[in-house]
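Heads up: the sequence lines are chains F and V, in that order. Sequential numbering of the first sequence, starting at 1, is according to UniProt numbering. Sequential numbering of the second sequence, starting at 1, is according to UniProt numbering.
2 protein chains.
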Amino acid sequence: MDEKSSYCERGGVVVDIEENDKSVLMMVESNASSFSEREAFIREPLLNLKSRVVNTSSQIAIVGAKVYPIESLDYEIIENELIKQDWRSRKRVEIYQYIVLKWTLALLIGLLTGFVGFFNNIAVENIAGFKLLLTSNLMLHQKHFQAFAVFAGSNMILATCAAALCAFIAPAAAGSGIPEVKAYLNGVDAHSILAPSTLFVKIFGSIFGVSAGFVVGKEGPMVHTGSCIANLLGQGGSRKYHLTWKCLRYFKNDRDRRDLITCGAAAGVAAAFRAPVGGVLFALEEAASWWRSALLWRTFFTTAVVAVVLRALIQVCRSDICGLFGQGGLIMFDVNSTIPTYNTPDLLAVILIGVLGGLLGSLYNYLVDKVLRTYTIINEKGPAFKILLVITISLLTSCCAYGLPWFAQCIPCPTGSEEKCPTQGRAGNYKIFQCQPGHYNDLASLFLNTNDDAIRNLFSSKNINEFRISTLFIFFIGIYSLGIITYGIAVPSGLFIPVILAGSSYGRLVGRLLGSLSSGLDVGLFSLLGAASFLGGTMRMTVSLCVILLELTDNLLMLPLMMLVLLISKSVADSFNKGVYDQIVKMKGLPYMEIHAEPYMRHLVAGDVCSGPLNTLSSVEKVGNIFHALQMTRHNGFPVIDEPPFVDAPELCGLVLRSHLLVLLKGKKFTKNRELFGSEILRIFHAFDFAKAGSGKGLKVEDLELSEEEMEMYVDLHPITNTSPYTVVETMSLAKAAVLFRELGLRHLCVVPKTPGRPPIVGILTRHDFMPEHVLGLYPQFINHNYS
Amino acid sequence: MDEKSSYCERGGVVVDIEENDKSVLMMVESNASSFSEREAFIREPLLNLKSRVVNTSSQIAIVGAKVYPIESLDYEIIENELIKQDWRSRKRVEIYQYIVLKWTLALLIGLLTGFVGFFNNIAVENIAGFKLLLTSNLMLHQKHFQAFAVFAGSNMILATCAAALCAFIAPAAAGSGIPEVKAYLNGVDAHSILAPSTLFVKIFGSIFGVSAGFVVGKEGPMVHTGSCIANLLGQGGSRKYHLTWKCLRYFKNDRDRRDLITCGAAAGVAAAFRAPVGGVLFALEEAASWWRSALLWRTFFTTAVVAVVLRALIQVCRSDICGLFGQGGLIMFDVNSTIPTYNTPDLLAVILIGVLGGLLGSLYNYLVDKVLRTYTIINEKGPAFKILLVITISLLTSCCAYGLPWFAQCIPCPTGSEEKCPTQGRAGNYKIFQCQPGHYNDLASLFLNTNDDAIRNLFSSKNINEFRISTLFIFFIGIYSLGIITYGIAVPSGLFIPVILAGSSYGRLVGRLLGSLSSGLDVGLFSLLGAASFLGGTMRMTVSLCVILLELTDNLLMLPLMMLVLLISKSVADSFNKGVYDQIVKMKGLPYMEIHAEPYMRHLVAGDVCSGPLNTLSSVEKVGNIFHALQMTRHNGFPVIDEPPFVDAPELCGLVLRSHLLVLLKGKKFTKNRELFGSEILRIFHAFDFAKAGSGKGLKVEDLELSEEEMEMYVDLHPITNTSPYTVVETMSLAKAAVLFRELGLRHLCVVPKTPGRPPIVGILTRHDFMPEHVLGLYPQFINHNYS
């Protein structure tokens, strides 16, 4: 190997990095549990620099509680001779095959996600329904302690099941999953985040978790489930199970997989909320980092399929074969659908709700972040601690749900109500709890219910005085706190439902308090606006939340008010902190590329952050050198230099990928002398051989078996060298280089020298080099400088 | 000037282009009236090449019927020393000012577009209403000829007014306007497309045109109107009217203007359809070429403002002060809102409608294109011909609308109907026309009505047998043909309404024919699905149309069927031709950059299409040379080369813009000797001086007055040179260069040499160089080659 290691000089300090240093300690920041630690970390650039290898494919992320390597995705089209040969020989029929297959996969994603979503709902409704039925029957016979034992016991068993699945099988399945999907679609593949085991645990863990009465939703997990399904379908078949149709090879690349997973995420939202348009918009606004019109259309198709599947399955369930899955289950809330008329006091109330939502939302995000950092420390201690934490929270939740209603006074049943009061058994608004016949406990109607039913009760407009002010207040406090302490335990846990619950309870509270002033809006609509405001305050999505809520409640006439509330709450909350998903992405240490470059990057150039040593390969290189480069570094891309005698002066030929080198070496097409041999390689290999394998399935350096003799031979890299890598001149503004990197979805960006007479490549920029932590580590003077 | 003209060699032919050749004949293709002419044109690359100047800012587009120059927009951030100085000195308060102003402008766009949209509706409802009232009163007294005279005469007067406005004041206001807005948002500024005069004519021309009974809509024009309003607000104040607040300068660039115009387009749709979410999605799916989450939010805010304004104004009109503006006007259609249940025959009928919509839609596009090309020839002959054409079409429309109902038999009024039958006066479904009392003419109910009311009647579910099969058939044929021959006349004319009219009539027809098979869907819903299918077949939008139709009809339960219909019709139509807006963009000769590179571009490299002569400037250049370069070429960007003695060997310093050079020369800060003088220039000039003026307002070469002595002096270009231009190596695949150009929204892309020892820049790629016409002109061998 040519020992062309170039060392970057910065601030007068030349940093010597040991080649063999494998202790990759990137993204250490993610371990820091407070901002002050991060600051301290940034202020020690040398430490940071010493312990990292540049242009590496392995960074570290916290998934679940373990530390795993993460990999960048590559959306660049690798244009090498092999691919070009493939393009030239591609027949028209293959293109049609590809299109048909693309849509078939979209259809399959829709079908499977729809089925899973429905299964999830049926399972939850039956398990939780049975549990609640048992409890209320015992209550009816005045067996209060037995009722609590059954309630808390079954909760704990279910919680333990969910936690065990998460802790032992797939730690990546814990949490919402939306931050991970978001990071994946930004180009960061965290370990096993979309693996089949994660899919399995996500589905069953979510069912157990939601049934266990936790204040968690099944919506976030559904998004993750949809993405896992899409990823599984996009693996390009499996050699193990003999599913290798020739066409499937088109999907063996990061670009097509990204598209499929975007469809999967949209399908997940569509299945969770029965909101097909909302699903598309969610994928567009929150999940995807790259978007184009063609994808809009395919995503739309997928969510339409989900909607049709769900509708058909619900029709099937009409004939009472789905157990306790009544008309509840798949959430679709009834709100007052009369035309709401509103006047100035109403508008003021709405603005108040918006501001309140923004404040409460940003506080929620702050507290969730704090709790999450604490839990991460606990969870890191091992599976036993994870399960213990889950059991603790489960007990706490059970105590709240069963204990708090005792403080509520019984309310006489309303006269002339269409609904039965108090209700017996599973469904209904009016839980009798400890009350005498003819009375109901309003707090029990909210707490001792599935989350979906509690939301339905809060949105209901039928009986304005159904819930007392004190009840709503207690419920809000309870749910707000439980929501904060629940997220982060080792259970698949969505954030939508806790947020909607808390939001609708304070919305209804405001409605009750200001009810006398309002003329047109009833408490149900106030409750809806409350939910919107709190969602806007935590998640900071606007358009997609608006559409999801409209599809949930089927009331288009609320649109202008909902938009107003969302805009206010988002604006207020944005002035305090970031959205909850962005926070979690950051906390997990996933190197997310923002669409905008940081302002201080305008004062740096590309050459300032690219750091050595740079491993370059000659276009016809000795096998031993390549092997050494692969073994000694974890770089994923190597610049290839054309050198004399093939050209007059050294020039940049292109970039070659580690995975391609491995395949080439495995093929052992070497020559004794240093000569151009590309045509022979083109004849033997096919572009398909170099297609990207599923995560964790590619060749490794250890798989190569090369003899001493072979090590001394030469191999022609021309056929597999990407001759059109994107390049920037070293004096290019770092901000503009970052925009280029982000907009085109690159993994490597070559930095070329400005002045002639130097080696043809200065360095390679990777995702890591644009991370604020890295740049500020090198240039701490920008930390407190307020550049615009 | 250094005579460094480099000539590109291709195919062995070195083409000599005269420097003074000012007859820029780019995009001649647009004049070709048939595909065969285009083919012939492409096969003569030499002719094409001889007559064009490279790197020019002036291309030619057909706007209205005249030939105007078009200009590319530049979304690149020009990082020169002046800007960097400005960034460093920028205060925090200025950033807040900018943010506040940004949102204020979004608010203003929403308010103004809402008001204009409402005014438009009131005016149309009153003018058209009065006309129809007069006609029906005369009919009632059996004065059939007088009635026709009044009807046709008032139509003709209104049509002439609209045509005169278009022909004499703003030819750019003719047509829908959506294609032009789409092209603008892609980076192509056609002459006066968003000028104040165009805004004026668009508003009043649209009112007159729609009132004149043409089969045109006011929706497309509203989108254009919204964009014009946004452009006017984004001019960054006006020196003429002393509106130059310092903050407004932030909007004097193409990036911020683009964002504002995107908001304007969304506001236009929102105002036209009262569909705020649909407006956002329209802007996203059809109008905008670049999109980011922040823009989603701002657009959403704008459309929310529109919705609130419209709602408030409609409330005001409740008290009968708006004349004939009843509950009609702003379209919001009532469809049957009972839960539609559908079975297999229904689904088959829906699929049939989808396929039909796709076939009819692609035929419609084909015919509109043909008619448009014919009309362009007529319109080019002068304003008189334009007006004559409009009058002819007006007469034809009047004859159809008044004549065809005579062929319809009278139908006895339904018994037990809630509505009055036959109706007297303006509103109502049941027009008496020539019938006896107690009967109505169903064809007259459709033809002798405003377009909005006709759609409302077609969507109505109240009386299934209201329209006979023959009536629907005649109406469909009439509207389909009139729609085709009307688009392209010199009147602001939207395409939405003709398409919805034709679509809903054949939808209802299918509903009537298959009504006996169907169990759950009534004719009104069939009509809605028909409209959706035809919209999908012509415009090829899916998500936004779906949401617009949902918001129009307020019936979320139709969502799955609507999605199905849209997907089918788009798929079917896409296999024949492109969407109608794309076709018009192409026909108008606007160089629209597609998101995907053409497949044959993969087999070319950047150096293959960049053509000489290249005018480079030295970093410290003689004033005379710069003046000569500005005068002799129409290039918009000049590469700046650092040369000895300032550096060791020539290297690329960056790119300087024509407009910046003009400002610098106007300032006359020259030196006698060839020396670095940048700091002095930085002291005197401010970045604001170089901000982009409104279209047509910048300095011109003719404005410079330089003495002989000054011509011999030197000027330092460093402070205004963009030192971070995006570059590609000459061997970069053309497809990848195109992706870079398109994704980053560039105007110039520098091509640098691969091998050392050559001049530091090979050429500059502009939008034009990526156009298929240009590339295929150079390489005709790719024309019939089917590359994947």
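The C-beta atom is built at its ideal place from N, Cα and C for all residues, glycine as well.
- Within the model, the alpha-carbon separation for Leu260 of chain V versus Ala152 of chain V is close to 41 Å.
- Against chain F, a Cβ distance below 8 Å from Pro276 of chain V picks out Leu559, Pro560, Met563.
- Going by beta carbons, Gly205 of chain F and Pro492 of chain F fall inside the 8 Å limit.
- Linking Thr344 of chain F to Val510 of chain F through their CA atoms gives a straight-line distance of about 16 Å.
- Using a 10 angstroms sphere on the CB of Glu680 of chain V, the tally of other CB atoms stays under 16, which defines it as exposed.
- Contact between Asp346 of chain V and Leu521 of chain V is confirmed by a C-beta separation of about 5 Å, below the 8 Å threshold.
- Contact check between the region 264-283 of chain V and the region 209-224 of chain V: three or more CB pairs, one atom from each, fall below 8 Å, which counts as touching.
- Your pair Val715 of chain F and Phe646 of chain F does not check out as a contact, with CB atoms roughly 14 Å apart and the cut at 8 Å.
- Ala272 of chain F has its alpha-carbon roughly 41 Å from the corresponding atom of Ala737 of chain V.
- Proximity of Ser618 of chain V to chain F, defined by a Cβ-Cβ separation below 8 Å, is not satisfied.
- At a cut-off of 8 Å between beta carbons, Pro756 of chain F contacts chain V.
- Within the region 529-549 of chain F, the residues whose Cβ lies closer than 8 Å to some Cβ of chain V are Thr542, Val543, Cys546, Val547, listed in chain order.
- Just so you know, the alpha carbons of Leu448 of chain F and Tyr402 of chain F end up roughly 7 Å apart.
- If you draw a straight line from the Cα of Leu199 of chain F to the Cα of Ile229 of chain F, it comes to about 7 Å.
- In the three-state reduction of the DSSP assignment, Tyr75 of chain F falls in the coil class, being assigned neither a helical nor a strand state.
- Beta-bridge annotation (DSSP): Val751 of chain F is paired with F:Val728, F:Gly763.
- Within the region 711-727 of chain F, Thr723, Ser724, Pro725, Tyr726, Thr727 place their CB atoms closer than 9 Å to a CB of chain V, listed in sequence order.
- Distance from His191 of chain F to Pro69 of chain F at the Cβ level is roughly 6 Å; contact confirmed, criterion being Cβ atoms closer than 8 Å.
- Considering only beta carbons, the part of the region 255-279 of chain F lying closer than 9 Å to chain V consists of Pro276, Val277, in chain order.
- A buried status is given to Trp297 of chain F, since no fewer than 16 other beta-carbon atoms sit within 10 Å of its beta-carbon.
- Taken in chain order, the complete beta strand (DSSP E) segments of 3 residues or longer contained in the region 645-710 of chain F are 651-657.
- Under DSSP, Ile484 of chain F forms no beta bridge with any residue.
- Within the region 645-669 of chain V, those residues whose Cβ lies closer than 7 Å to any Cβ of chain F are, in chain order, Ala649, Glu651.
- Distance from the CA atom of Phe385 of chain V to the CA atom of Ile127 of chain V, rounded to whole angstroms, is 26 Å.
- Distance from the CA atom of Met601 of chain V to the CA atom of Ile484 of chain F, rounded to whole angstroms, is 54 Å.
- For Leu550 of chain V, DSSP records no beta bridge to any residue.
- Nearest in C-alpha terms to Gly654 of chain V, of all of V:Ser544, V:Lys202, V:Val623, V:Gly763, is V:Gly763.
- The three-state reading of DSSP puts Val715 of chain F in strand, counting E and B together.
- Runs of the beta strand (DSSP E) lying entirely within the region 370-412 of chain F and spanning at least 3 residues: none are present.
- Boundaries around Lys84 of chain V are those of the alpha helix (DSSP H), 81-89, since no beta strand (DSSP E) includes it.
- Within the DSSP secondary-structure output, Gly217 of chain V pairs in a beta bridge with V:Gly494.
- DSSP, reduced to helix, strand and coil, places Tyr440 of chain F within a strand of the structure shown.
- When DSSP states are grouped into helix, strand and coil, Thr633 of chain F belongs to the coil group.
- With its beta carbon at least 8 Å from every one in chain F, Met601 of chain V lies outside the interface.
- Along the region 292-323 of chain V, the positions whose C-beta sits under 7 Å from a C-beta of chain F are Arg292, Ser293, Leu296, Trp297, Phe300, Phe301, Ala304, Ala307, Val308, Arg311, read in chain order.
- Setting aside the 5 residues that flank it on each side, Leu367 of chain V is surrounded in the same chain by Ile484, each with a C-beta closer than 8 Å to its C-beta; the list follows chain order.
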